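Peer 1:
Number of protein chains: 4
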Amino acid sequence: MSSEFGTTLKTSVFGESHGPAIGVVLQGLPAGEAVDLDALNAFLARRRPGQGPMTTRRNETDEPEFLAGLKDGRTTGFPLSAIIRNKDQHSNDYDNLRTNPRPSHADYTAFVKYGASRDMRGGGHFSGRLTAPLCIAGGICLQMLERRGIFIGAHLKSVADVEDDAFPLEPTKELFAEVQGRNPAVLNEAAGEKMKNAIEAARLDADSVGAVIECAVIGLPAGLGSPMFDGIENQLAKALFGIPAVKGLEFGSGFAGTKLRGSENNDPFTVSDGVIKTTTNNSGGCNGGIANGMPVVFRAAFKPTASIGKPQQTVNLETMEETELIVKGRHDPCVAVRAVPVVEAVTALVLTDLLLTEGKF
Amino acid sequence: MSSEFGTTLKTSVFGESHGPAIGVVLQGLPAGEAVDLDALNAFLARRRPGQGPMTTRRNETDEPEFLAGLKDGRTTGFPLSAIIRNKDQHSNDYDNLRTNPRPSHADYTAFVKYGASRDMRGGGHFSGRLTAPLCIAGGICLQMLERRGIFIGAHLKSVADVEDDAFPLEPTKELFAEVQGRNPAVLNEAAGEKMKNAIEAARLDADSVGAVIECAVIGLPAGLGSPMFDGIENQLAKALFGIPAVKGLEFGSGFAGTKLRGSENNDPFTVSDGVIKTTTNNSGGCNGGIANGMPVVFRAAFKPTASIGKPQQTVNLETMEETELIVKGRHDPCVAVRAVPVVEAVTALVLTDLLLTEGKF
Amino acid sequence: MSSEFGTTLKTSVFGESHGPAIGVVLQGLPAGEAVDLDALNAFLARRRPGQGPMTTRRNETDEPEFLAGLKDGRTTGFPLSAIIRNKDQHSNDYDNLRTNPRPSHADYTAFVKYGASRDMRGGGHFSGRLTAPLCIAGGICLQMLERRGIFIGAHLKSVADVEDDAFPLEPTKELFAEVQGRNPAVLNEAAGEKMKNAIEAARLDADSVGAVIECAVIGLPAGLGSPMFDGIENQLAKALFGIPAVKGLEFGSGFAGTKLRGSENNDPFTVSDGVIKTTTNNSGGCNGGIANGMPVVFRAAFKPTASIGKPQQTVNLETMEETELIVKGRHDPCVAVRAVPVVEAVTALVLTDLLLTEGKF
Amino acid sequence: MSSEFGTTLKTSVFGESHGPAIGVVLQGLPAGEAVDLDALNAFLARRRPGQGPMTTRRNETDEPEFLAGLKDGRTTGFPLSAIIRNKDQHSNDYDNLRTNPRPSHADYTAFVKYGASRDMRGGGHFSGRLTAPLCIAGGICLQMLERRGIFIGAHLKSVADVEDDAFPLEPTKELFAEVQGRNPAVLNEAAGEKMKNAIEAARLDADSVGAVIECAVIGLPAGLGSPMFDGIENQLAKALFGIPAVKGLEFGSGFAGTKLRGSENNDPFTVSDGVIKTTTNNSGGCNGGIANGMPVVFRAAFKPTASIGKPQQTVNLETMEETELIVKGRHDPCVAVRAVPVVEAVTALVLTDLLLTEGKF
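Residue numbers (the working numbering), protein chains in the order written: chain P, 1 to 361; chain X, 362 to 722; chain Z, 723 to 1083; chain S, 1084 to 1444.
The following block contains the structure:
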């Protein structure tokens, strides 16, 4: 089983938080695609740690080194590989976690699955740090999609109990750019300030908060996706649940839609400038797994960061006795803040794969 | 792109609602597994239409015919195939839908994707009827899992605004059996009565209601699943979004967990009879994509049935003019009622595949 | 593990020789493709048994019944499924094989792998009869390819020590049609007569003979295929070794080319009517796994039929003692005679999948 | 489409001959497997260039750098990645090949497929150099298999018209070790001397020779592999045709077996020390795609090196005129000499994947 997804465009991620390097291989990328490294680095900067009180103080420059598949600023058509060397590691912070697993983290399941040979320093391969290679790969695909008129934007829909506005029925690329220029990435700046406060309050309590990220895709051709198991929802779901801390996903009206009647939840068809559209988008842009031409819209639930400074109850794996755990190390009080570009990146990878696989790229 | 999922156990579904037959092929089933056909038919009966006011009046016996892979009540180890002949079809009911697509149904996306050759009578390959072959395949896996001490049970967590109780921290197979004996499948029978009323009210309004199905898996070995993209959540998500009308999925505390602090959402470890457990299960039994030994618990959001009798606004695909649509045909006012065993079946297929793929079956 | 292959077009085969039916599911077929059933049946007739002394006397009409995916003579875009009912079975002929496995047949490996539950009557799922569903699926793809100017033809390159001519440097579709009109399928009719005699001689000896089938593909676009593991050679090899009795495969000059020097084996480039070609085709139309525009040419080695009437030494699986086996049942003295269309069918399936996957269909 | 193969153990290769690095990612490796780096480097040394007149003079130390998945000499269970930096590159030697493609090399097909962005210096991603990462990955699997009693050995069965002896009916690991200690790897040292002479003669003529490599696997459990498309032959074939210059593959008696009668080619069963064996191995250890307990034996045909110093006819891609090409650069006059460990490595990767996938590792 593998840290890889995709049918014709395969994204294969490797690395441990405190190993020599983390990286990605992209198999199946078309040849001749321009990669703007400055734009890519600007995209990666949105995910990078060490940028203020909302994020971990681990400081990594995260500059990708390309090993293959890129020459003179264009993809060669051969497998692309990029790595990031790990630098700012404090492995000692993780010594006690080897016997005392953090609640709701992968420490215990890794112990059961991999035994003594696991390398869980810094979270090992489960670390949020592994989203950096996803962003390299996804950042390249975002550029490829944009050249084809497809744009992806995400924002923090909520943090703790603070709600941002929802995307409008038809968001624009200009709106995406505006949101991406903010920290945190929100539509409503007042909500953003309240989110910062909620995160700071949790941090001061040695605690963490959860969040919901909303993402929209515009410009996707109607007809993309397939019924049953290779639909847009299936493919996105498989990949998005791979982002650490994601515990829920809904398209369109999602869970709230289950409280509506069909006559309220159904999206009436209309014609606008000769194009068939819907007057609402409770379907989130997909019917029967297939894009209907409206924006694809979904929300992912990010649980509160499992690694918190507050004392917690755990079990010592050697003595099999309950004990109190205080997690050291540097952790984001709200992982979702930096996960906004990760959601965009993974979405770009999934949709590029789907477009290529269905011969529509 | 395909109506198939699975790595070593592949479930391949075929058929159209009004074609000659619907069916399934299971590639990779182990040899020598007993299949109790009476138990399988009892399982299929839970999904069958024509059982009262809550479901469509289309009447199909849905008895599977096995074409391959089963001999003398045991799997041969070769590909298994079973089909169900379609009988009670009223294709004329669907004539006007060819030009006038139903809002929030796949009529329009099928038109865009497949063009004139599509067969959308009765919903074609998108019909809820295609869940019957999923139940045949999943019903066989449920029997295989039960022999290994793994049990799966689902119930209607909510219908419209009526809430059932949640599963307890550690549900038992006896509880599952009890719930499965009820119609609708609920923990709290009073809630079940209210759900019936809500569904009947919608039906009388020529309308429909949505629902949430909660599913739990007990007995799964800790350590099952893999990080990032082949975790339990990823695999279940990919398949569950293939059930018609599913628009959301959450594990453990899911979206509600995003409102909690880490100190509230984390599951403290404890020891019970020498086994490591957690005192809460906000993780839904998975950390880092890997089973932690607690029940795997998730909820799937089913939108209200798109096919409703009420007049709706659509667009005529030939004239490109807005028009009013009145859907004929026979439709469930709440698809989730009959989807409870479908969720169990798909879950069984995914987990059997995962157990086989990881050499743990 | 599965009786299925393909990336975007998946061919899934099921059935046992003496079970209720054999069949195929094709996932990923485009919509709107015309299927000429008369032409398909004519293609299937080339593989059908009971056609004279060269083939088994088992008599099956092998008329496919389409269950899904085809309507009004066109593919719907949904999964296509077709089955053939088994009729003329003599299961008693196989009673002694359950304990006394036939040398070089799958009886023994099936016993080890599947144990008591296996159904090996008539060869079970290993039977050459399973090539009928492959021909249904491949026959449909052959029609689709022909409409795009891609033609596939095969012939018996040798039977026992009788050699047919080789295909010319650039065979034509007219040549393919001519060869396909002959029984056996050969270029040189005199060689065909000698082959018949060799086969008849073996049959009279209650023995069998091997053969080599050569296949050529014309009209394939240069640039199809990918380096390393998804090249034309890799994909064809994976599928062709699935045809019962295939034990070898070579492209272009193949094994004979290993006796040549590079200066003799290399194909010099030339220009013909503005198109780059090669003056020889020792590469078999592929360089680095990618089509170069010349015909793709390969040869598959078919071992002599394992089931022969002559007494053979085997081991009784119950007593674990050596014993003499006399195989009853009806068997082709040369399986390759009827395998010619099977090679064409499998080649069509592989190349259609490759064209679809690379967005070149 | 991708430079990757495998179902549960995925081998993903990347890199260009004159790019920054070549490397491999192994997804799905079990945790806790010891990796003896000295033994691995000794294995890699058998493939390394610059070792005498039989091989290219390009000198690379080829020491792997592990980036992930290995800690304290054991696999962590996370994806493993290793790279080799490219050093001794003479890119100028390849300038003229950009417009003047080498006959029977991938220069022309890469031009058609990838266009101007391709990086074909040194053969790009098609270079034999890419077999180094395959040997890192396969070398690790060879160690894992040996601990389970499974051994793989290959030798040069023929070079030009010089024939080595064939493996005996049941080769031993001691025999494998003996052969692997020779250069070239042969059973019969006199044949090895003649091979050296044939290679040297070709080199002096600025020409090249082809060869056949025979490989045997002992200790594989009977019952491994699956019918039709996931058999041992299918899986090995898909991967082995990925080794540059392989143009043919045969199992057991292969093409020669097509000249035999069934009574000669069938392998009679016998009992030896309570174990069922066969007195001959014309099946190459597989029946119906499934291991029968005898050694798996196959032969791969390696064409003569396409890059030769002799003048050859090509076409200038800009002027579309025929022209004479003289290939510079440093090339093996017989690529198969160094491909012996590559065949062993790829075989180890395929069989480890198959054992893992079928739950038999």
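Backbone N, C-alpha and C fix where the C-beta goes; we use that ideal spot for every residue, glycine too.
Values in this document were obtained by computation on a predicted structure and should not be read as measured data.
Cβ atoms of V24/P and A68/P: under 7 Å apart, would you say?
Peer 2: Not closer than 7 Å, so no.
Peer 1: Does any C-beta atom of chain X lie closer than 7 Å to the C-beta of A847/Z?
Peer 2: The sequence shown places His at residue 847/Z, rather than the Ala named in the question. Taking Cβ atoms only, chain X reaches closer than 7 Å to H847/Z, which makes this a yes.
Peer 1: Please say whether L491/X and V374/X have beta carbons closer to each other than 7 Å?
Peer 2: Yes. Within cutoff.
Peer 1: Looking at C-beta atoms only, is the number of pairs between the region 479-495 of chain X and the region 604-611 of chain X that lie closer than 8 Å three or more?
Peer 2: Result yes; three or more Cβ-Cβ pairs closer than 8 Å.
Peer 1: Write down the C-beta distance between G571/X and N292/P rounded to the nearest angstrom, noting that I regard them as a contact closer than 8 Å.
Peer 2: 19 Å between Cβ atoms; not a contact.
Peer 1: Name the chain Z residues that come within less than 9 Å of L145/P, Cβ to Cβ?
Peer 2: None at all; the shortest Cβ gap to chain Z is about 16 Å.
Peer 1: For A828/Z and G1367/S, which I take to be in contact (beta-carbon distance under 8 Å), what is that distance rounded to the nearest angstrom?
Peer 2: That pair is no contact at about 14 Å.
Peer 1: Using a Cβ-Cβ distance cut-off of 7 Å, determine whether T172/P contacts chain Z.
Peer 2: With 7 Å as the cut-off, T172/P does not count as an interface residue toward chain Z.
Peer 1: Comparing C-alpha positions only, which one of M1377/S, A1274/S and F1385/S sits nearest to P1251/S?
Peer 2: For P1251/S, the nearest C-alpha among the options comes from M1377/S.
Peer 1: Rounded to whole angstroms, how far is the Cβ of I998/Z from the Cβ of Y1191/S, which I believe are closer than 8 Å?
Peer 2: Confirmed, Cβ separation roughly 7 Å.
Peer 1: What number of angstroms, rounded off, separates the C-alpha of N709/Z from the C-alpha of A743/Z?
Peer 2: The displayed coordinates of chain Z run from 723 to 1083. Any statement about residue 709/Z would go beyond what the structure contains.
Peer 1: Under three-state DSSP, which class holds S624/X?
Peer 2: Looking at S624/X - three-state DSSP - the assignment turns out to be helix.
Peer 1: In chain order, what residues of the region 610-644 of chain X put their CB closer than 9 Å to some CB of chain S?
Peer 2: Correct list: empty, as no residue qualifies.
Peer 1: Which bits of chain S does E1035/Z rub up against, with CB to CB less than 8 Å?
Peer 2: The question names Glu, but residue 1035/Z in the sequence shown is Gln. Residues of chain S passing the Cβ test: P1351, F1352, T1353 and T1362.
Peer 1: Just curious, the beta strand (DSSP E) that A154/P is in, first and last residue?
Peer 2: It spans F151 to V159 - the beta strand (DSSP E) in which A154/P sits, taken as one unbroken run.
Peer 1: At which residue ranges does the region 1003-1070 of chain Z contain complete beta strand (DSSP E) runs of 3 or more residues, listed in the order of the chain?
Peer 2: Complete beta strand (DSSP E) runs here, min 3: 1018-1024, 1034-1038 and 1043-1047.
Peer 1: What residue from Q388/X, R459/X and M481/X has the CA that sits closest to L441/X's CA?
Peer 2: Here the closest residue by C-alpha is Q388/X.
Peer 1: Which of the three DSSP states is assigned to S117/P in this structure?
Peer 2: Helix, per DSSP.
Peer 1: Let me know the secondary structure DSSP gives V374/X once reduced to three states.
Peer 2: Three-state DSSP puts V374/X in a strand.
Peer 1: Suppose the cutoff is 8 Å on Cβ atoms and the five residues either side in sequence are ignored; what does the same chain contact list for T1036/Z look like?
Peer 2: Cβ neighbours of T1036/Z beyond the five flanking positions: N822, P823, R824, P825, E1044, T1045, E1046 and L1047.
Peer 1: Which residue spans inside the region 550-603 of chain X form an unbroken alpha helix (DSSP H) run of at least 4?
Peer 2: Listed in chain order, the complete alpha helix (DSSP H) runs (minimum 4 residues) inside the region 550-603 of chain X are 550-565 and 593-601.
Peer 1: Using a Cβ-Cβ distance under 7 Å, would T783/Z count as near chain P?
Peer 2: No, its Cβ sits nowhere closer than 7 Å to a Cβ of chain P.
Peer 1: Would you kindly report the start and end of the unbroken beta strand (DSSP E) that includes L1150/S?
Peer 2: L1150/S -> beta strand (DSSP E) spans E1148 to A1151.
Peer 1: Can you tell me where the alpha helix (DSSP H) holding T853/Z begins and where it ends?
Peer 2: Unbroken alpha helix (DSSP H) run through T853/Z: T853 to R869.
Peer 1: Which stretch, first to last residue, makes up the beta strand (DSSP E) that contains Q749/Z?
Peer 2: Taken as a continuous stretch (DSSP letters only), the beta strand (DSSP E) holding Q749/Z covers A743 to Q749.
Peer 1: Three-state secondary structure (DSSP) at F848/Z?
Peer 2: Three-state result, F848/Z: helix.
Peer 1: Determine whether the Cβ of A1305/S lies closer than 7 Å to any Cβ atom of chain P.
Peer 2: No - not a single Cβ of chain P is within 7 Å of the one on A1305/S.
Peer 1: At a cut of 8 Å, does the region 217-226 of chain P reach the region 159-173 of chain P through at least three beta carbon pairs?
Peer 2: Counting Cβ pairs under 8 Å, three or more are found: they touch.
Peer 1: Using a 10 Å radius around the Cβ and a threshold of 16 neighbouring Cβ atoms, would you call R147/P buried or exposed?
Peer 2: Under this definition R147/P is an exposed residue.
Peer 1: Alpha carbon to alpha carbon, how far is E705/X from V112/P?
Peer 2: Taking the straight line from one Cα to the other gives about 26 Å.
Peer 1: Taking the beta strand (DSSP E) that A1165/S belongs to, which residues open and close that run?
Peer 2: Taken as a continuous stretch (DSSP letters only), the beta strand (DSSP E) holding A1165/S covers L1163 to R1168.
Peer 1: Is there contact here, the region 947-963 of chain Z with the region 1053-1061 of chain Z, by at least three beta-carbon pairs under 8 Å?
Peer 2: The region 947-963 of chain Z, when compared against the region 1053-1061 of chain Z, does not touch it at the 8 Å Cβ threshold.
Peer 1: If contact means a Cβ-Cβ distance below 7 Å, which residues of the region 70-93 of chain P contact chain S?
Peer 2: Taking 7 Å as the Cβ-Cβ cut-off against chain S, the residues of the region 70-93 of chain P that qualify are K71, R74, T75, T76, G77, F78, P79, S81 and I83.
Peer 1: Between the C-alpha atoms of S263/P and T1074/Z, what's the straight-line distance to the nearest angstrom?
Peer 2: If you take the alpha carbons of S263/P and T1074/Z, they lie about 43 Å apart.
Peer 1: Tell me the DSSP bridge mates of L971/Z?
Peer 2: Beta-bridge pairing links L971/Z to A1022/Z and L1332/S.
Peer 1: Check whether the Cβ atoms of V881/Z and M842/Z lie closer than 7 Å to each other.
Peer 2: It is not a contact, given that the beta carbons lie outside the stated cut-off.
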